[in-house]
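Undergrad: Below is one structure. I have some questions about it.
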Amino acid sequence: MNRFEVTIHASSLDMLHKLEEANLDINRPTAEQHSETDYTVRALVTEEQLNELKQRGYTVTDQSDVSRIPFERIQELTGMGDRIDGIKANEVEWTADTVRDGYLTVAEIEQELRQTARLFPNWVKLIELPFGTREGRSCLAAKLSVNSRNSSGERIGILLTGNVHAREWGGSDITLNVLKQLVQAYDSRQAIAYGGKNFAFEQIRRILENIDLYVFPEVNPDGKIYSQSFAEENERGFDSNSGEKFWWRKNRYRNQQGTVVGVDVNRNFDFLWESGIGASTDEKSLVYRGPSPASEPETQNIIHLLDTDTNIRFYLDIHSYGELILYNWGDDENQSLDKDKNFQNKRFNGMRGLFGSIPERNLYEEYISPDDERLEISLANRMNQALQAVRGKSYKVKPGSGLYYTSGTTTDYAYSRHLVDPSKPKIYGFTFEFGRQFVPPYEEMKLIIADVSAAITEFCYAVTELKVREPVRS
1 MNRFEVTIHA
11 SSLDMLHKLE
21 EANLDINRPT
31 AEQHSETDYT
41 VRALVTEEQL
51 NELKQRGYTV
61 TDQSDVSRIP
71 FERIQELTGM
81 GDRIDGIKAN
91 EVEWTADTVR
101 DGYLTVAEIE
111 QELRQTARLF
121 PNWVKLIELP
131 FGTREGRSCL
141 AAKLSVNSRN
151 SSGERIGILL
161 TGNVHAREWG
171 GSDITLNVLK
181 QLVQAYDSRQ
191 AIAYGGKNFA
201 FEQIRRILEN
211 IDLYVFPEVN
221 PDGKIYSQSF
231 AEENERGFDS
241 NSGEKFWWRK
251 NRYRNQQGTV
261 VGVDVNRNFD
271 FLWESGIGAS
281 TDEKSLVYRG
291 PSPASEPETQ
301 NIIHLLDTDT
311 NIRFYLDIHS
321 YGELILYNWG
331 DDENQSLDKD
341 KNFQNKRFNG
351 MRGLFGSIPE
361 RNLYEEYISP
371 DDERLEISLA
381 NRMNQALQAV
391 RGKSYKVKPG
401 SGLYYTSGTT
411 TDYAYSRHLV
421 DPSKPKIYGF
431 TFEFGRQFVP
441 PYEEMKLIIA
451 DVSAAITEFC
461 YAVTELKVRE
471 PVRS
């Protein structure tokens, strides 16, 4: 089955949202308004869907046949553990260029985490997550915490996650790279350079002696293994039908009939889950929200980290694609005037997440305190400035809502927790949408790793400055 990546043009916002009725593989974060009569979104479509779109009055541009991309990307999988075993604790250059020859597999991610913990046992501790996946796999995270005069009770925690979505391979590589670069630089008392962005050793020291970094690179290992299992079929020769595995997004949940349908982990969290905003009850949908909130082990493992490691105040979830840095909220537009308009107020049920010409559209926007929004925008801009310094790239900073609203997402759930239960700490949530493809060519991915790693490192440093100037509000 041939597959195409396209830009879909709609003449109205209503028409843009009718695309969801067709269960297309639309990349919601890329939606943009260019004029009153031109709205666009990127999508992956089959030839049949492409023809249907044209028949329904949509214009399609930037059409690219991506049927061979699975074949090409599989050639960039490493699958070779020996290059990891060769790393020594005294090697300074521990970068994407010298460590990686291609995308890492799930097994390699785990191997690198364990290797890093073995090399730096005083600073890197492994976290065995309690919930096994639908296919029986265990999940592993790491905590980077350097002993210092700053007591553990005063240290701010930052959580990084990757590979919530199966086909977004590079998120794991980015989060792992950040972990390894920081600990190696601290150990060797060296600076870190990402292109034109440099971090002096004193900045690295300040980061590691004031924050705890929690890194969970492989949230959805079942899905990623399935996406990368196209490699096994590749030995039989290229077949566009066999490449379908490559585009898998969800986990590997089986329905009551025993059929693997998968749940979108990033629609499964207990934040407005019942509303269905930007999610689906259809098991075939790419944004199927699951049978109940937090039903999935992948979801439960993230919740476990937030519940157990109570100093976590910031959460960065790494995705592809769109070249975006998103902050809360995603269920509707932000506003800071009416506190009654909040996700817990049942009076507004049915009014959230509405678009276009619906009469109730303007009756609701999601409340966020002006201080919180200013802080999130400031930190997002700091990340973007660091990213720009690497090689001149620039991402767009905006709320998660955009032209498509969502519910049940990782970062909105994290931020909502302190509002639902005041005994829980406030956690500011950010989503990175890196690059311009779900799985970029690896030569481009190496550049993206540098871009986003610089942004995350700058974020960590900015948090230490925030701690000095203004205590994090809980």
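The C-terminal position of the sequence shown is numbered 474 in the UniProt record's numbering, with every residue numbered one higher than the one before it.
Don't be surprised by glycine CBs; every beta carbon is placed ideally from N, CA and C.
(1) Looking only at its own chain, which residues have a Cβ that is under 7 angstroms from the Cβ of S369, when we skip the five neighbours before and after it?
(2) Mapping DSSP to helix, strand and coil, what is F269?
(3) What are the start and end residues of the beta strand (DSSP E) that includes H165?
(4) Taking E108 as part of the alpha helix (DSSP H), name the residues at either end of that continuous run.
(5) So, do the stretch 421-432 and the stretch 279-295 have three or more beta carbon pairs nearer to each other than 8 angstroms?
(6) For residue 561, I'd like the list of residues in its chain whose CB is within less than 6 angstroms of its CB, leaving aside the five on either flank, ordered along the chain.
(7) Once you ignore the five residues that flank Q228 on each side, which residues in its own chain have a CB closer than 7 angstroms to its CB?
(8) Please state the DSSP three-state secondary structure of K54.
(9) Under 8 angstroms, do T410 and I277 count as touching if we go by C-beta distance?
(10) Counting only beta-carbon atoms, is T116 nearer than 8 angstroms to chain D?
(11) For D212 and I174, I'd like the C-alpha separation in whole angstroms.
(12) For the putative contact between V124 and L144, defined by C-beta atoms under 8 angstroms, what is the C-beta separation to the nearest angstrom?
(13) With a 10 Å radius around its C-beta and 16 neighbouring C-beta atoms as the bar for buried, classify N328 as buried or exposed.
(14) Find the nearest neighbour of L316 within the set E458, G223, E202, judged by alpha-carbon distance.
(15) Indicate whether the contact test is met: 3 or more Cβ pairs, each with one atom in the stretch 159-179 and one in the stretch 195-207, closer than 8 angstroms.
(16) Looking at I207: is its Cβ nearer than 8 angstroms to the Cβ of Y461?
(17) For G57, does the count of other Cβ atoms within 10 angstroms reach 16, so buried, or fall short, so exposed?
(18) With the cut-off set at 8 angstroms, would you say G136 and R267 are in Cβ contact?
(19) Please list the terminal residues of the continuous alpha helix (DSSP H) segment that includes L16.
(20) Can you tell me whether DSSP reads Q63 as helix, strand or coil?
(21) Buried or exposed for S378, going by 16 or more other Cβ atoms inside 10 Å?
(22) For a test of the three-state rule: what should DSSP assign to E433, helix, strand or coil?
(23) In the DSSP assignment, what are the bridge partners of D187?
(24) Who are V6's beta bridge partners in DSSP?
(25) Which of the three DSSP states is assigned to R83 in this structure?
(26) Apart from the five residues just before and just after E5, which ones in its own chain have a Cβ nearer than 6 angstroms to its Cβ?
(27) Could you give the distance in angstroms between the alpha-carbon of I456 and the alpha-carbon of Q55?
(28) Along the chain, where does the beta strand (DSSP E) that runs through P29 open and close?
(29) Of the choices I26, G132, H9, whose alpha-carbon is the least far from that of G322?
(30) Grab me the residues of T30's own chain with a C-beta within less than 7 angstroms of its C-beta, minus the 5 sequence neighbours each way, in chain order.
(31) Output needed for V261: all residues of its chain with C-beta closer than 6 angstroms, excluding positions within five of it in sequence on either side, in chain order.
(32) Taking 7 angstroms as the limit between beta carbons, can you name the residues of its chain near residue 481, skipping five residues before and five after?
(33) Going by DSSP, name the residue or residues bridged to K197.
(34) Mind checking whether S320 and G400 have CB atoms under 8 angstroms apart?
(35) By how many angstroms is the C-alpha of F438 removed from the C-alpha of L19?
(36) What whole-angstrom Cβ distance do F120 and D187 have, given they're in contact under 8 angstroms?
TA: Considering the structure as presented:
(1) Numbered from 1 along the sequence shown, position 369 holds the residue referred to as residue 369. Around S369: S336.
(2) Position 269 of the sequence shown, counted from the start, is the residue given in the question as residue 269. Reduced to three states, the DSSP call for F269 is coil.
(3) The residue you call residue 165 lines up with position 165 of the sequence shown. For H165, no beta strand (DSSP E) segment is defined, and its DSSP state is neither H nor E.
(4) For the purposes of this step, residue 108 is taken as residue 108 along the sequence shown, with counting starting at 1. Where E108 is concerned, the enclosing alpha helix (DSSP H) stretches over 106-119.
(5) The stretch 421-432 vs the stretch 279-295: no contact.
(6) Look at the range of the chain in this structure, 1 to 474, and you will see that residue 561 is not part of it.
(7) Reading the sequence shown from its first residue, position 228 is the one you call residue 228. Around Q228: L77, T105.
(8) Position 54 of the sequence shown, counted from the start, is the residue given in the question as residue 54. In the structure shown, K54 sits in a helix (DSSP, three-state: H, G or I).
(9) Against the sequence shown, residue 410 aligns to sequence position 410. Against the sequence shown, residue 277 aligns to sequence position 277. Taking the C-beta atoms as reference points, I277 is found no nearer than 8 angstroms to T410.
(10) The structure shown has no chain D; it contains just one protein chain.
(11) Along the sequence shown, one-based indexing puts residue 212 at 212. Along the sequence shown, one-based indexing puts residue 174 at 174. Answer to the nearest angstrom: the Cα atoms are 18 angstroms apart.
(12) By 1-based counting over the sequence shown, the position of residue 124 is 124. By 1-based counting over the sequence shown, the position of residue 144 is 144. Contact between V124 and L144 is confirmed by a C-beta separation of about 6 angstroms, below the 8 angstroms threshold.
(13) Taking the sequence shown and counting its residues from 1, the one referred to as residue 328 is at position 328. When all chains shown are included, N328 counts as buried.
(14) Residue 316 sits at position 316 when you count from the first residue of the sequence shown. Checked all of E458, G223, E202; the closest Cα to L316 is E458.
(15) Short answer: they don't touch.
(16) As a position in the sequence shown, residue 207 is number 207, starting the count at 1. As a position in the sequence shown, residue 461 is number 461, starting the count at 1. Yes; because the gap between Cβ atoms is below 8 angstroms, this pair is in contact.
(17) Sequence index remark: in the sequence shown, residue 57 carries index 57 (1-based). The residue is exposed, with fewer than 16 neighbouring Cβ atoms inside 10 Å.
(18) Working through the sequence shown from its first residue, we reach residue 136 at position 136. Working through the sequence shown from its first residue, we reach residue 267 at position 267. With contacts defined by Cβ atoms closer than 8 angstroms, G136 and R267 do not form a contacting pair.
(19) To locate residue 16, count along the sequence shown from 1; it is residue 16. L16: member of the alpha helix (DSSP H) spanning 13-17, first to last residue.
(20) Taking the first residue of the sequence shown as position 1, residue 63 is located at position 63. Q63 falls in the strand class under three-state DSSP.
(21) Sequence index remark: in the sequence shown, residue 378 carries index 378 (1-based). Flag for S378 reads exposed.
(22) For this step, residue 433 is matched to residue 433 along the sequence shown. If DSSP states are grouped into helix, strand and coil, E433 belongs with the strands.
(23) Along the sequence shown, read from residue 1 onward, the residue named residue 187 stands at position 187. DSSP, once it has assigned bridges, lists no residue as partnering D187.
(24) As a position in the sequence shown, residue 6 is number 6, starting the count at 1. Beta-bridge partners of V6 (DSSP): A43.
(25) Here residue 83 corresponds to residue number 83 of the sequence shown, with the count starting at 1. Because the pLDDT at R83 is just 38, under 50, the model does not fix this residue reliably, and the point stays unresolved.
(26) Counting from one through the sequence shown, the residue named residue 5 turns up at place 5. So the qualifying residues of the chain are L44, S64, V66.
(27) If you number the sequence shown from 1, residue 456 lands on position 456. If you number the sequence shown from 1, residue 55 lands on position 55. In this model, I456 and Q55 are separated by some 44 angstroms (Cα to Cα).
(28) Here residue 29 corresponds to residue number 29 of the sequence shown, with the count starting at 1. It spans 25-35 - the beta strand (DSSP E) in which P29 sits, taken as one unbroken run.
(29) Translated into positions along the sequence shown, residue 322 becomes position 322. The candidate whose alpha carbon is nearest that of G322 is I26.
(30) Residue numbering aside, residue 30 sits at position 30 when the sequence shown is read from its first letter. Apart from sequence neighbours up to five positions away, the residues of its chain that approach T30 with a beta-carbon distance below 7 angstroms are V41, R42, G322, ordered along the chain.
(31) Here the question's residue 261 lines up with position 261 in the sequence shown. If we look at V261 and ignore the five residues flanking it on each side, its Cβ neighbours are N255, E283.
(32) This structure cannot speak to residue 481, because the chain is shown only from 1 to 474.
(33) Counting from one through the sequence shown, the residue named residue 197 turns up at place 197. Y194.
(34) The residue you call residue 320 lines up with position 320 of the sequence shown. The residue you call residue 400 lines up with position 400 of the sequence shown. It is not a contact, given that the beta carbons lie outside the stated cut-off.
(35) Sequence index remark: in the sequence shown, residue 19 carries index 19 (1-based). Sequence index remark: in the sequence shown, residue 438 carries index 438 (1-based). C-alpha separation (whole angstroms): 20 angstroms.
(36) Here residue 120 is taken as the residue at index 120 of the sequence shown, counted from 1. Here residue 187 is taken as the residue at index 187 of the sequence shown, counted from 1. At roughly 6 angstroms, the Cβ-Cβ gap stays under 8 angstroms, so F120 and D187 are in contact.
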